[in-house]
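Right, here's the structure in full:
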C-alpha cells in the first residue's frame, strides 16, 4: 500500500471517529455523514442523501441508525442521536451495516437444483413447486426461521402454519440462542422477557456477567457501562467465565469457573444468604414463593416451603462450591456479601453462556433466585437481564411465538382456551389450530435428516433468514445427512449463498433490511419500525411476500386452510377504500403497507399477557417503545420496569411489586432450588480438552453478511482456535500453527492463536463460528436442555493435535 | 495492514499525559477530544500487531474503553469475491472422526 493511500486511510479513520464522537455530543458534524458505510456519497451532488431511521440489522441490542440514501443506494450510515439505546454510538458492525446489501454475490433469481446444479427459474415456477410440495403432504412440511424475521414476517409464517396448515412444525433458530432464557423467565415469573431494561446499566453499582462477553457481543451496551467510569462513577464489574476476553480486561473481578460451575456459584450465593440470615426477608415474605423439581419434571415444578428450600441448599458451602466450580470460596463470599447489601444496586447480564447449556433453564432460574432472595429486583439498577443475539429474537421469536408450541402473545397451542382466543382473532373455524406441539429445532432437523422409511417424518423444510447449515450443532448428523436422502426437499430463502443453500433444492432470493418495510423487537422489550428505502437487487423479494404468495398459491390449488371462517383468504388485505389488494402479486405488494395491516392484527394478541403493543403508526414516530405500551388520555406510554408499581400501570395500587402472571396464582415470583449437575460430555483420555464456541466483534453470527463487508472481513478474515499457552506448549503447538480439532462427531483444521484476543483457561479451547470455511459445528454436541430444548455449544470434549506450521 | 478509527473513552485527568504518550508512538495519529472521548487513528502492519496495539492502548493509564468505529478497506481487496467453490475444504469434506 502506498504511503499516500495509507495517509488517506488514516485521515478517513480520524474523520470517521470524530464524526462518531460529535454525534454522541448531539452535534451535527460539520463533515456530514460518517464516511463509514460506503464511500459512494458524493458531496458534490447538491441534493445529497435523504435520511431515514432504522434499527441496526445485526444484534439484539437494537441500536438505531440513520440511513443515507442517494440514487437508490445506501451511501452513508450514522449513529442515531435520537435513539435512547445507543445515543448516537454504533459498534464497528453497525457503522458498516449498509455494506451488507452490496456483496458481489447477492442472490437475484430463484434457483432450482437440477442434476446436482442450481439453475435459474421464475418465481411462478418456484411458488408452484413449494405449494405442490406442501399440498402433497402438509403434515410433513416444516418452516424454520429466526430472530431475524421481522415481526410481520414471523407473524405471516406463524399464521400460514398454524391458522392455515394446522401444522405446528415451525421454529426459529432462536431455539439455539435464547430458549433457556424464555423457560427461565416463564418458570420464575410465569411470563417471558426481562422486567428491567437498559436504563439499569446507567445506575447499577455492580454488573455481573455470567458467561458473557458484552465487550464483543454487545459493545454499545458495554461501552455505556464503562463510560460511566469516565464520569467518575464507581461501577464494579464481574466476569464469570471459562475464558479471558476483552470484557475481562474491564472487570475488577474475573472468576474462572469450570463448565457448569455457574450452577454451583449461584447455589453458593443462595446458601450464604440463608446461612448468614442476610437475605431480604421483607421482599421474600411479600413477593416470593419457593419451587423445586417435580416428578415427572415440569417447567413449573412443585411448591416447597422455606425450610425445604434452605435444607436443599445446605450442601453448597463455599468450600464445596469451590470444589464444584473452581471459583475460590472467598469469591463466592464476596458475591454473597454484595447481594446481602441492600444499598448496592446489582444487575446480572447473560447471553449464550447461560442459555446454550444443558441446564440452561436451571441456571437462568437460579440467577433470578439470587436476585429475588436478596431483594435486588424491581428498582432501577436491580435486575436479572438476559441479552439476545438477534435483532428480533424477542420481537418475533418470543413475542410472535414462532415456536413449535407457541401462538402469538405468549399463548400456547396445547392450551384449549388459548387456541380458541387465537382462532377468534384469526377468524378461523374452531379446531383449526392443531393442539399437538410440533417438533423443536433439534428434533425437526433430526427428523429431516432421517430416512422416511426409518421414521423421518419431516420431508420438506422451508428456511428463511437463517443459516442452519452452519449454525446447527453436530452438522454431520443434523444437516449434512440430508444430502443422501433424495426424497427430502430443502427450500432456502436468503440473500447470499450459504452453507445451507449448498444443500438446498430450491433457493429463493430475498430482500434484506431496508430493502423492505420491517419491525424488530430488541432485548429490552423495545419494538422498532422502519420503512423500505432502497429496492432489492434483481428479482429478490420480501420474505413476507414469499409466504403470502405461497399461501395464495395453496388457495388456488384448493387447500381449505387458506380460507378463514368467512371464506376469505387468510391474508386478505384491503386498501383504505375497503377494496381488496392482491398483495400476493409482487407488483401490487407495496400498494398497501402489508406490515401495518399484519402488525395491527397481531397486536390484538399482545393484551393476553400484558405485552400490549401500540398501533403501528406510533412506532413510525419513535425510535421504539418498550411494552407494555398503554394508552392513557390519548397518549401511548411505554414501560421501563415491569411488575413495579412506580412504572408499570398493570400493578395494583399499593402493591409495590406484583407478578401478575405468577405460576402460583398469588402474584409471587418463584425462587427455585436447582442442584448442580455435571455437563453432558466431559473430557477423557481420548478427548482431553473442553471446547467452547462463540462470536467475535467484527462478525455477526454465521458471517453471511459481515464476511461480505470488506472492512470487517479484512479485519477478521477467518476462524482460529484459541488455546491456553501452557496447553499449547505441552502439545508442541506454536502461534499460527495448523492444528486439527476433533470430537467424537467430526473435525476440522484451524490455525492456533495464542495470547490473542481471548485466552482460555487451561484445559479449554475456543473457536468462533462465523467462518463458513471452518465449520466448528461439525464438532459440537446436540445435547440440549430438557425444558428449553436449547443445545449446548459451550462445552464438549475435544482433542487438538498439531498438523504443521 | 489495519488502519482503525478509534474512540478512546478517557479519564480527563490523564489527558495531557496520555496525549504525550500516545502522540510519541508512530502507530498513533491523534485527533480531538470530544466529550471525554479521544479520537485516534491506529496504523499497524498486521492483525496480530493490531491486537498487540489494542492491548497496549487498553493498558495505558487513563484509557477506560475503546470503541472501534472504522476499519480500513483496501480497494484492491474489497472486490475479492468469497471463495465459493472452495468453501468446503478437503479437511471438512464428509469429515467425521
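Protein chains in written order, with the working numbering: chain A, 440 to 1244; chain H, 292 to 388. The C-beta atom is built at its ideal place from N, Cα and C for all residues, glycine as well. On a predicted model such as this, the values are computed, not experimentally measured, just so you know.
Using beta-carbon positions only, say whether residue i and residue j come within less than 8 Å of one another.
i                       : j                       : result
residue 581 of chain A  : residue 518 of chain A  : no
residue 790 of chain A  : residue 651 of chain A  : yes
residue 527 of chain A  : residue 915 of chain A  : no
residue 688 of chain A  : residue 1135 of chain A : no
residue 1126 of chain A : residue 360 of chain H  : no
residue 884 of chain A  : residue 569 of chain A  : no
residue 972 of chain A  : residue 508 of chain A  : yes
residue 958 of chain A  : residue 633 of chain A  : no
residue 694 of chain A  : residue 766 of chain A  : yes
residue 600 of chain A  : residue 609 of chain A  : yes
residue 819 of chain A  : residue 1005 of chain A : no
residue 738 of chain A  : residue 622 of chain A  : yes
residue 1109 of chain A : residue 605 of chain A  : no
residue 1035 of chain A : residue 1055 of chain A : yes
residue 736 of chain A  : residue 1225 of chain A : yes
residue 913 of chain A  : residue 1221 of chain A : yes
residue 935 of chain A  : residue 984 of chain A  : no
residue 871 of chain A  : residue 602 of chain A  : yes
residue 949 of chain A  : residue 979 of chain A  : yes
residue 487 of chain A  : residue 494 of chain A  : no
residue 898 of chain A  : residue 579 of chain A  : yes
residue 1040 of chain A : residue 960 of chain A  : no
residue 696 of chain A  : residue 708 of chain A  : no
What are the boundary residues of the beta strand (DSSP E) that includes residue i?
i                       : result
residue 1181 of chain A : 1177-1181
residue 583 of chain A  : 580-584
residue 824 of chain A  : 822-825
residue 915 of chain A  : Careful: residue 915 of chain A lies outside any beta strand (DSSP E), inside the alpha helix (DSSP H) at 914-917.
residue 1103 of chain A : Segment: none, residue 1103 of chain A is in no beta strand (DSSP E) and carries neither H nor E.
residue 648 of chain A  : 645-649
residue 1076 of chain A : 1074-1076
residue 517 of chain A  : 512-518
Could you give the first and the last residue of the continuous alpha helix (DSSP H) run that contains residue i?
i                       : result
residue 983 of chain A  : 982-995
residue 1165 of chain A : 1164-1170
residue 855 of chain A  : 855-865
residue 880 of chain A  : 880-887
residue 1113 of chain A : Per DSSP, residue 1113 of chain A belongs to no alpha helix (DSSP H) and is neither H nor E.
residue 361 of chain H  : Where residue 361 of chain H is concerned, there is no enclosing alpha helix (DSSP H), although the beta strand (DSSP E) it sits in stretches over 354-362.
residue 655 of chain A  : 653-656
residue 625 of chain A  : 618-628
How would you label residue i, buried or exposed, when you count the other beta carbons within 10 angstroms and need 16 or more for buried?
i                       : result
residue 1047 of chain A : buried
residue 330 of chain H  : buried
residue 831 of chain A  : buried
residue 544 of chain A  : exposed
residue 1210 of chain A : buried
residue 1244 of chain A : exposed
residue 598 of chain A  : buried
residue 670 of chain A  : exposed
residue 550 of chain A  : buried
residue 1199 of chain A : buried
residue 673 of chain A  : exposed
residue 821 of chain A  : buried
residue 911 of chain A  : buried
residue 514 of chain A  : buried
residue 734 of chain A  : exposed
residue 1207 of chain A : buried
If residue i and residue j are in contact, beta carbons under 8 Å, what's the gap, nearest whole angstrom?
i                       : j                      : result
residue 877 of chain A  : residue 843 of chain A : 3 Å
residue 327 of chain H  : residue 452 of chain A : That belief does not hold up - the Cβ atoms of residue 327 of chain H and residue 452 of chain A are roughly 20 Å apart, past 8 Å.
residue 1031 of chain A : residue 849 of chain A : Their Cβ separation, rounded to whole angstroms, is 29 Å, which puts residue 1031 of chain A and residue 849 of chain A out of contact at 8 Å.
residue 457 of chain A  : residue 308 of chain H : Contact doesn't hold; Cβ gap of about 22 Å is too wide.
residue 576 of chain A  : residue 952 of chain A : Actually they are not in contact, since the Cβ atoms of residue 576 of chain A and residue 952 of chain A sit about 34 Å apart, beyond 8 Å.
Going residue by residue through the region 658-719 of chain A, where are the continuous beta strand (DSSP E) segments of at least 3 residues, counting only ones entirely within it?
675-680, 692-695
Which runs of the alpha helix (DSSP H), 4 residues or longer, sit entirely within the region 745-816 of chain A?
745-752, 757-764, 768-779, 791-794, 799-813
What are the start and end residues of each continuous alpha helix (DSSP H) run of 4 or more residues lying completely inside the region 995-1070 of chain A, in chain order?
Listed in chain order, they are 1033-1041, 1055-1060.
Taking only runs of the beta strand (DSSP E) that begin and end inside the region 528-607 of chain A, which ones reach a length of at least 3 residues, in chain order?
Runs found: 550-553, 556-559, 580-584.
Could I get the ranges of all uninterrupted beta strand (DSSP E) runs contained in the region 900-985 of chain A, with 3 residues as the minimum, in chain order?
928-933, 945-948, 957-960, 965-969
Entirely within the region 1183-1226 of chain A and at least 3 residues each: give me those beta strand (DSSP E) ranges in chain order.
1186-1192, 1203-1207
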